[in-house]
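K.L.:
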Amino acid sequence: MAHTEERSAVRPAAEAAEGSVAYGVFVAAFVAVAVAVAAASARRGPQAELPPAAVPSADSPREVRGAQGAIATAAPEASAVGLEVLRKGGNAFDALVAASFAISVVRPQSTGIGGGGFVVFHDAARGVEGVLDGRETAPKLATPDMFVEGGRVIDGYRRGPLAAGVPGLVRMLYRLYEEHGSGKLSWAELVAPAVRLAERGFRVPPPLAAAIRRHADELARYPSSAKVFLPGGIPPAPGDRLVQADLALTLQTIAEEGADGFYRGWVAEKIARAASSGGGLISREDLASYEAKEREPVEGVYRGLRVVSMPPPSSGGVHLVQMLNVLSRHDLRSMGWQSADHLHLLAEVMRRAFADRAQFMADTDFVEVPVARLLDPAYAALLDESIDMERATPSDEILPGANFVLESDHTTHISIVDGEGNAVASTQTINTSLGSLYVAEGTGVLLNNEMADFTADPDAPNPFGLSQSAKNLPAPGKRPLSSMTPTIVLDAGGKVRAVVGSPGGPKIITTVLQVLSNMVDFGMGPLEAVAAPRIHHQWKYAGQDLLLAERGVRSLKALGLRGHQVRVVDAPLGNAQVVVVEADGTRVAASDPRGTGRPGAYSLTWQEEASRAR
Numbered sequence: 012m013a014h015t016e017e018r019s020a021v022r023p024a025a026e027a028a029e030g031s032v033a034y035g036v037f038v039a040a041f042v043a044v045a046v047a048v049a050a051a052s053a054r055r056g057p058q059a060e061l062p063p064a065a066v067p068s069a070d071s072p073r074e075v076r077g078a079q080g081a082i083a084t085a086a087p088e089a090s091a092v093g094l095e096v097l098r099k100g101g102n103a104f105d106a107l108v109a110a111s112f113a114i115s116v117v118r119p120q121s122t123g124i125g126g127g128g129f130v131v132f133h134d135a136a137r138g139v140e141g142v143l144d145g146r147e148t149a150p151k152l153a154t155p156d157m158f159v160e161g162g163r164v165i166d167g168y169r170r171g172p173l174a175a176g177v178p179g180l181v182r183m184l185y186r187l188y189e190e191h192g193s194g195k196l197s198w199a200e201l202v203a204p205a206v207r208l209a210e211r212g213f214r215v216p217p218p219l220a221a222a223i224r225r226h227a228d229e230l231a232r233y234p235s236s237a238k239v240f241l242p243g244g245i246p247p248a249p250g251d252r253l254v255q256a257d258l259a260l261t262l263q264t265i266a267e268e269g270a271d272g273f274y275r276g277w278v279a280e281k282i283a284r285a286a287s288s289g290g291g292l293i294s295r296e297d298l299a300s301y302e303a304k305e306r307e308p309v310e311g312v313y314r315g316l317r318v319v320s321m322p323p324p325s326s327g328g329v330h331l332v333q334m335l336n337v338l339s340r341h342d343l344r345s346m347g348w349q350s351a352d353h354l355h356l357l358a359e360v361m362r363r364a365f366a367d368r369a370q371f372m373a374d375t376d377f378v379e380v381p382v383a384r385l386l387d388p389a390y391a392a393l394l395d396e397s398i399d400m401e402r403a404t405p406s407d408e409i410l411p412g413a414n415f416v417l418e419s420d421h422t423t424h425i426s427i428v429d430g431e432g433n434a435v436a437s438t439q440t441i442n443t444s445l446g447s448l449y450v451a452e453g454t455g456v457l458l459n460n461e462m463a464d465f466t467a468d469p470d471a472p473n474p475f476g477l478s479q480s481a482k483n484l485p486a487p488g489k490r491p492l493s494s495m496t497p498t499i500v501l502d503a504g505g506k507v508r509a510v511v512g513s514p515g516g517p518k519i520i521t522t523v524l525q526v527l528s529n530m531v532d533f534g535m536g537p538l539e540a541v542a543a544p545r546i547h548h549q550w551k552y553a554g555q556d557l558l559l560a561e562r563g564v565r566s567l568k569a570l571g572l573r574g575h576q577v578r579v580v581d582a583p584l585g586n587a588q589v590v591v592v593e594a595d596g597t598r599v600a601a602s603d604p605r606g607t608g609r610p611g612a613y614s615l616t617w618q619e620e621a622s623r624a625r
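Note that my numbering gives residue 485 to position 474 of the sequence shown, counting from 1, and the numbers run on in steps of one.
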């Protein structure tokens, strides 16, 4: 899977192609898919009767349709698990729990129970939207200067046990299940498929094989990590079966004991002991005291649609709505999709949003973030007025917030809509590829390296080239700044119309922006919207003023003439997972062709409808 869950977008092409024999074919295939999808969308006529189910597999379609429910994830196994939960009568929240545990087993380079995540949801019965924050926290022994020695950022900032924050994913999923689950399926039933995947093993996909091979020397430093990812002392090849026996035992304990099976008892003891022995800071007290927090979602309106997304400690929702506020002042359709004017405007809006991200964003439990001002339409108007449509504004000329009156490519996203109208958008991560590279001995739990999302040194960019302020320095219990942007779109009547999200570190925000705009402004279907080539600007990348563009993006020469420093990248920008609800209620799920994900959907047969009516 040569996609943004696996590699940085600005690596040289040769390095970016490293992990997969087939990767060299990716760019041409991706562009071909985008063109083919556009043509197919234009040809599509009236829909035939929906089949009972479209069960995901490695060879199944990238877009599927169903009357009762749909799911899109970055792994066919996870989509299949979530779809089966829906078919058994579980709701979207149940399906998210099951799919999340499953994908944590089969995509360990991107996510896992040693990491964290966010959930944005729509509860149809209650008619409300909400947010759960399962972001990792800094251990109680963390200090603002813990990653700087002698004026230099130490290696432990990026990898190893010191880079690990207190995991939040399991607690978040358990709270979601307790508060919003259907009650038709037990917690143990939802975790069971992940136990089987870990116990019996799964076929290693090319991107996971690539990630392990790329980091084999580092993994070999830790016997506990080598035991899991270097069986027999060598990286597994694509198609090899990877068994995770210790992880299966941990998951079984979670299945039997709930979240406490992870945060207390033998699992917590082993995680704390492993962290301490390797120089990390996570303690049993840190684990036992972790809480998944309910927060108020960020909301905006775009072309008459409500956009509901993630608040701080994620920067994603704030800057998504901020950028949409500026775009709403323009008729993008009349500009023409990926015309010079369209892409120039997108790049300039992105540039300004990321300048504000660098200056203002952090965990609102610790610092004041001017969310209301950033989302104020009056501020959007001032940002818009600062854009010269004939000339790119050099990033050095942009002073963040001057007009007032910031993760990882190795993340994953799940979008689900069920038959009752519930919807969940959840982005989950262990940060960079394979997280800390450190497996807690005896648990199979690969720990995150989310501490690298804190500012180590305000004068130095983080691993994603993002500039960040002292507001994001580590502190006990603090949550690092994120770019994850799980988003739900509703119509004026409160009905869910789209669920979208992506991995990609800072590119998450710009991916979600472009996918939404493709659908809303240009009338694209879900697969066409996610397959279309994208751009990305984040104000400064490691100090450079760069506009990244995938191959296939139009109007690049014209953008260069306007002063943009364009860099065409072979690694994809994002890996979006989308579910759309059409006017007749049909759920349409699409998985980005940049990745190996496959969606699933189902419709009740008449016999099932009769049975449920009884």
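Note that CB positions come from ideal geometry on N, CA and C, so glycine has one too. These numbers come from a predicted model, not from an experiment.
Which parts of the segment 349-384 are runs of the alpha helix (DSSP H), unbroken and 4 residues or longer, counting only runs that do not cross its ends?
P.N.:
Entirely contained in the segment 349-384, the alpha helix (DSSP H) runs reaching 4 residues are, in chain order, 351-371.
K.L.:
Can Thr496 and Val523 be called in contact, C-beta distance under 7 Å?
P.N.:
One-based indexing of the sequence shown puts residue 496 at position 485. One-based indexing of the sequence shown puts residue 523 at position 512. Yes, the pair counts as a contact, with Cβ atoms nearer than the cut-off.
K.L.:
Run the CB neighbour count on Glu189, radius 10 Å, all protein chains shown included, and call it buried at 16 or more, exposed below.
P.N.:
Taking the first residue of the sequence shown as 1, we reach residue 189 at position 178. Exposed, since its Cβ has fewer than 16 Cβ neighbours within 10 Å.
K.L.:
Which runs of the alpha helix (DSSP H) fall wholly inside the segment 538-613 and span at least 4 residues, in chain order?
P.N.:
Fully enclosed alpha helix (DSSP H) runs of 4 or longer: 567-572.
K.L.:
Starting from Ser193, trace the beta strand (DSSP E) in both directions and tell me its first and last residue.
P.N.:
Here the question's residue 193 lines up with position 182 in the sequence shown. Per DSSP, Ser193 belongs to no beta strand (DSSP E) and is neither H nor E.
K.L.:
Could you work out which residue in Leu143, Gly608, Glu619 is closest to Pro217 when comparing CA atoms only?
P.N.:
What you label residue 217 is simply residue 206 of the sequence shown in a count that begins at 1. Considering only alpha carbons, the answer is Gly608.
K.L.:
From which residue to which residue does the alpha helix (DSSP H) around Lys518 run?
P.N.:
Position 507 of the sequence shown holds residue 518. Counting along the chain, the alpha helix (DSSP H) containing Lys518 begins and ends at 518-533.
K.L.:
Alpha carbon to alpha carbon, how far is His226 from Glu401?
P.N.:
As a working mapping, residue 226 is identified with position 215 in the sequence shown. As a working mapping, residue 401 is identified with position 390 in the sequence shown. His226 and Glu401: Cα-Cα distance of roughly 44 Å.
K.L.:
Just to confirm my understanding: we take Leu107, look at its own chain, exclude 5 residues before and 5 after, and list those with CB closer than 8 Å. What are they?
P.N.:
Locating residue 107 in the sequence shown gives position 96, counting from the first residue. Closer than 8 Å at the Cβ level, and outside the excluded window around Leu107, lie Gly93, Val130, Leu184, Leu187, Ile425, Ile427, Val435, Ser437.
K.L.:
Please report whether the beta-carbon of Thr607 lies at a distance below 7 Å from any beta-carbon of chain D.
P.N.:
Judged by its chain identifiers, the structure shown contains no chain D, having just a single protein chain.
K.L.:
Check whether the Cβ atoms of Ala110 and Ala135 lie closer than 7 Å to each other.
P.N.:
Within the sequence shown, residue 110 is the residue found at index 99, counting from 1. Within the sequence shown, residue 135 is the residue found at index 124, counting from 1. Taking 7 Å as the Cβ cut-off, Ala110 and Ala135 do not qualify as a contacting pair.
K.L.:
Below 6 Å, is the gap between the Cβ of His226 and the nearest heavy atom of the ligand MG?
P.N.:
Among the ligands in the structure shown, none appear at all, so the ligand MG cannot be discussed.
K.L.:
Identify the residues that DSSP records as bridge partners of Ser439: which are they?
P.N.:
Within the sequence shown, the letter at position 428 stands for residue 439. Checking the sequence shown, residue 439 turns out to be Gln, not Ser. Gly128, Thr423.
K.L.:
To the nearest whole angstrom, what separates the beta carbons of Ala153 and Pro487, a pair I think is in contact under 8 Å?
P.N.:
Sequence index remark: in the sequence shown, residue 153 carries index 142 (1-based). Sequence index remark: in the sequence shown, residue 487 carries index 476 (1-based). Between Pro487 and Ala153 the Cβ distance is about 5 Å, and since that is below 8 Å, they are a contact.
K.L.:
Consult DSSP for Phe465 and reduce its assignment to one of helix, strand or coil.
P.N.:
As a position in the sequence shown, residue 465 is number 454, starting the count at 1. The answer is coil: DSSP assigns Phe465 none of H, G, I, E or B.
K.L.:
Closer than 6 Å by C-beta to Leu559: which residues in its own chain qualify, once you throw out the five before and the five after it? Chain order, please.
P.N.:
Residue mapping note: residue 559 aligns to position 548 of the sequence shown, counting from 1. Taken in chain order, the residues that qualify are Ala20, His547, Arg578, Val580.
K.L.:
Classify Arg344: buried if its beta carbon has 16 or more other beta carbons within 10 angstroms, exposed otherwise.
P.N.:
For the purposes of this step, residue 344 is identified with residue 333 of the sequence shown, where counting begins at 1. Label assigned to Arg344: exposed.
K.L.:
Could you tell me whether the Cβ atoms of Thr498 and Val511 are closer together than 7 Å?
P.N.:
Here residue 498 is taken as the residue at index 487 of the sequence shown, counted from 1. Here residue 511 is taken as the residue at index 500 of the sequence shown, counted from 1. Against a cut-off of 7 Å, the Cβ pair of Val511 and Thr498 comes out as a contact.
K.L.:
Do the segment 232-248 and the segment 189-199 touch if we need at least three Cβ pairs shorter than 8 Å?
P.N.:
Counting Cβ pairs under 8 Å, fewer than three are found: no touch.
K.L.:
Since Asp134 sits in a beta bridge, which residues does DSSP pair it with?
P.N.:
On the sequence shown, position 123 is the one that residue 134 refers to. Beta-bridge pairing links Asp134 to Val139.
K.L.:
Quick one, which of Thr454, Arg562, Asp156, Val591 has its alpha-carbon nearest Gly276's?
P.N.:
As a position in the sequence shown, residue 276 is number 265, starting the count at 1. Residue Thr454 is the option with its Cα nearest to Gly276.
K.L.:
Thinking C-beta only, is Ser494 closer than 7 Å to Ser326?
P.N.:
Locating residue 326 in the sequence shown gives position 315, where the first residue counts as 1. Locating residue 494 in the sequence shown gives position 483, where the first residue counts as 1. Cβ atoms of Ser326 and Ser494: closer than 7 Å.
K.L.:
Inspect the beta-carbon positions of Gly192 and Gly145 and report whether they are closer than 7 Å.
P.N.:
Residue 192 sits at position 181 when you count from the first residue of the sequence shown. Residue 145 sits at position 134 when you count from the first residue of the sequence shown. Going by C-beta atoms, Gly192 is not nearer than 7 Å to Gly145.
K.L.:
Looking at the unbroken alpha helix (DSSP H) that takes in Ser345, where does it start and where does it end?
P.N.:
Along the sequence shown, one-based indexing puts residue 345 at 334. Segment 343-346, the alpha helix (DSSP H) holding Ser345.
K.L.:
Answer yes or no: do Gly250 and Pro172 have a C-beta to C-beta separation smaller than 7 Å?
P.N.:
What you label residue 250 is simply residue 239 of the sequence shown in a count that begins at 1. What you label residue 172 is simply residue 161 of the sequence shown in a count that begins at 1. Not a contact, by the Cβ cut-off of 7 Å.
K.L.:
Alpha carbon to alpha carbon, how far is Pro159 from Ile165?
P.N.:
Residue mapping note: residue 159 aligns to position 148 of the sequence shown, counting from 1. Residue mapping note: residue 165 aligns to position 154 of the sequence shown, counting from 1. The sequence given here has Val at residue 159, not Pro. Cα to Cα, Val159 sits roughly 6 Å from Ile165.
K.L.:
Any idea if Ser115 is buried or exposed, counting beta-carbon neighbours within 10 angstroms, 16 or more meaning buried?
P.N.:
Along the sequence shown, one-based indexing puts residue 115 at 104. Answer is buried; the Cβ neighbour count reaches 16.
K.L.:
Take Ser444 as the anchor and find which of Ala451, Pro87, Ala463, Gly432 has the nearest alpha-carbon.
P.N.:
Residue 444 sits at position 433 when you count from the first residue of the sequence shown. It is Ala463.
K.L.:
In angstroms with no decimal places, state the Cα-to-Cα distance between Glu539 and Lys151.
P.N.:
Locating residue 539 in the sequence shown gives position 528, counting from the first residue. Locating residue 151 in the sequence shown gives position 140, counting from the first residue. Cα to Cα, Glu539 sits roughly 46 Å from Lys151.
K.L.:
Under the DSSP definition of a beta bridge, which residues are partnered with Arg163?
P.N.:
Residue numbering aside, residue 163 sits at position 152 when the sequence shown is read from its first letter. Paired residues: Glu160.
K.L.:
I'd like the list of long-range same chain contacts for Gly585, defined as Cβ closer than 6 Å, with 5 residues on each side in sequence excluded.
P.N.:
On the sequence shown, position 574 is the one that residue 585 refers to. Once the five neighbours on either side are set aside, the close Cβ partners of Gly585 are Thr15, Ser513, Gly515, Lys518, Thr522.
K.L.:
Can you tell me the Cα-Cα spacing of Leu458 and Gly269, whole angstroms?
P.N.:
Residue 458 sits at position 447 when you count from the first residue of the sequence shown. Residue 269 sits at position 258 when you count from the first residue of the sequence shown. Taking the straight line from one Cα to the other gives about 20 Å.
K.L.:
Going by C-alpha distance, which of Val318, Val66, Phe213, Val75 is nearest His133?
P.N.:
Taking the first residue of the sequence shown as position 1, residue 133 is located at position 122. The shortest Cα separation from His133 among Val318, Val66, Phe213, Val75 belongs to Val318.
K.L.:
Inspect the beta-carbon positions of Arg214 and Pro246 and report whether they are closer than 7 Å.
P.N.:
In the sequence shown, residue 214 corresponds to position 203, counting from 1. In the sequence shown, residue 246 corresponds to position 235, counting from 1. Against a cut-off of 7 Å, the Cβ pair of Pro246 and Arg214 comes out as no contact.
K.L.:
Contact between the segment 561-572 and the segment 377-385: three or more CB pairs below 8 Å?
P.N.:
Contact between the segment 561-572 and the segment 377-385 is absent, because fewer than three Cβ pairs lie under 8 Å.
K.L.:
On the DSSP letters alone, give me the boundaries of the beta strand (DSSP E) that Glu88 sits inside.
P.N.:
In the sequence shown, residue 88 corresponds to position 77, counting from 1. Looking at the DSSP string, Glu88 is not in any beta strand (DSSP E); the run it does join, the alpha helix (DSSP H), is 87-98.
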